[in-house]
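> Handing you this structure, nothing more for now.
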Amino acid sequence: MTPPVTQQATASEVLARCRALVRPGLELAVRQLHPWHAEITAFSLGWDWPGGRAVPGGQGKGIRQALAVLGAEAVGAKAQSAVRGAVAAELIHTFSLLHDDIMDGDETRRQRATAWKAYGTGPAVLAGDALFALAVQTLADAPGPHCVPAVRLLSSTLNDLVRGQADDLLFESRPWTGPDAVRPHEYRLMAEYKTGSLLGCAAGLGAVLGGAGRTAADALTSAGRHLGVAFQVMDDVLGIWGDPEVTGKPVHGDLRRQKKTYPVLTALAAGDRAALELGALLRTGEPLDEGAAARAAGLVEEAGGRSAAVAEAHRHLESARACLESVALETEAVGELLALLPYFVERTV
16 MTPPVTQQAT
26 ASEVLARCRA
36 LVRPGLELAV
46 RQLHPWHAEI
56 TAFSLGWDWP
66 GGRAVPGGQG
76 KGIRQALAVL
86 GAEAVGAKAQ
96 SAVRGAVAAE
106 LIHTFSLLHD
116 DIMDGDETRR
126 QRATAWKAYG
136 TGPAVLAGDA
146 LFALAVQTLA
156 DAPGPHCVPA
166 VRLLSSTLND
176 LVRGQADDLL
186 FESRPWTGPD
196 AVRPHEYRLM
206 AEYKTGSLLG
216 CAAGLGAVLG
226 GAGRTAADAL
236 TSAGRHLGVA
246 FQVMDDVLGI
256 WGDPEVTGKP
266 VHGDLRRQKK
276 TYPVLTALAA
286 GDRAALELGA
296 LLRTGEPLDE
306 GAAARAAGLV
316 EEAGGRSAAV
326 AEAHRHLESA
336 RACLESVALE
346 TEAVGELLAL
356 LPYFVERTV
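To convert a position in the sequence shown, counted from 1, into our numbering, add 15.
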């Protein structure tokens, strides 16, 4: 078991350090794409505007990049050994967003148009396919003896990711209430597949490429999967109550289009007066106007959906912590991983 550690770095410092380490490798990978796909990818990553004009300081959060780097450092390897894993995870994440935005019909992300709105549906799909292929190639070309288990981990993750996305889409056609309604435990499993699998993969790839044994790699992968569920559940909270000036998404956006999210599903499961009124409001199946969406948000909170979601996120953070404490890892890297944990429940975007 790892000894207690002092958190010396803040989450923002950890993320910034890891982004800076991975960015050159990510830029090199993107330059291997067809110029059209490279432009769409740079736009999707927040680096450029349409047409290739750079966005000053443009970058994403870099969570997966950080998990890969810290996964390698946690098993005693140099951070550089994880760069290919970090790049592959970021490419797959971007691929998933390109396709996900099309499937969900989302027109904005990060306070600007999504790729399919800026470039067209066909080009966005094709760019996503190119990123999928490039991610696999990035790991397959890794020097040394660890590329095969790394590709195997990525392949397993891709199966989980598309399974989670399938469940998420199927949830849309299921009723809000009654015997066929989506239950909170089903949503948790979907979130683990759709979001947790890739965060787990990132941490696991860092460990695998760093030469870790199976036990350490599995522990880091499991920790990342728990962090992914926490991230998704808090994303649901932001989708209802987040500040649109910060999130770049319309207020009550998920409720307006009746998207099944953890706070709403747990609120409906409460069975109290607020839950019953919420169910009656949602059963119409029609998109909610501003007034109805605001009323629904109030009912979700009254029925305990918001507090239940926050508590669920905290439970997964504690599970991630337990995974990290279950094996012998490098103290400093574990300290930086622990420094990231509050970010998953305190973030505003």
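Glycine residues also receive a C-beta, built at the ideal position from the N, C-alpha and C atoms.
Among the residues of its own chain, which have a CB less than 6 Å from the CB of His161, if the five just before and after it don't count?
So the qualifying residues of the chain are Val223 and Leu224.
> Given a cut-off of 7 Å, decide if Ala307 and Gly221 are closer than it, judged by their beta-carbon atoms.
Not in contact: Gly221 and Ala307 (Cβ atoms no closer than 7 Å).
> Can you give me the C-alpha to C-alpha distance between His331 and Glu28, rounded to a whole angstrom?
Their backbone Cα atoms lie some 23 Å apart in a straight line.
> Looking at Trp131: is its Cβ nearer than 7 Å to the Cβ of Ala142?
No, the Cβ-Cβ distance between Trp131 and Ala142 is not below 7 Å.
> Mind the definition here: the segment 121-131 touches the segment 240-251 only if three or more C-beta pairs lie below 8 Å; say whether that holds.
No, they do not touch.
> For a test of the three-state rule: what should DSSP assign to Pro18, helix, strand or coil?
Caution is warranted here: a pLDDT of 42 is assigned to Pro18, below 50, making its placement in the model unreliable, and no coordinate value can be reported.
> Considering only their Cβ atoms, is the gap separating Glu122 from Ala348 smaller than 7 Å?
Taking 7 Å as the Cβ cut-off, Ala348 and Glu122 do not qualify as a contacting pair.
> So which of Trp256, Ala285 and Ala94 has the shortest CA-CA distance to Cys33?
The candidate whose alpha carbon is nearest that of Cys33 is Ala94.
> Put Ala232 into one of helix, strand or coil per three-state DSSP.
Here Ala232 sits in helix by DSSP.
> In whole angstroms, what separates the C-alpha of Trp51 from that of Arg310?
When rounded, the distance between both Cα atoms is 44 Å.
> The alpha helix (DSSP H) that contains Gly350, what's its start and end?
Looking at the DSSP string, the run of the alpha helix (DSSP H) that includes Gly350 is Thr346 to Glu361.
> Hey, quick one: how far does the alpha helix (DSSP H) through Lys132 stretch, first residue to last?
Per DSSP, Lys132 belongs to the alpha helix (DSSP H) from Ala130 to Tyr134.
> List the endpoints of the continuous alpha helix (DSSP H) containing Glu305.
Taken as a continuous stretch (DSSP letters only), the alpha helix (DSSP H) holding Glu305 covers Glu305 to Glu317.
> I'd like the span of the alpha helix (DSSP H) that includes Ser27, first residue to last.
Segment Ala26 to Val45, the alpha helix (DSSP H) holding Ser27.
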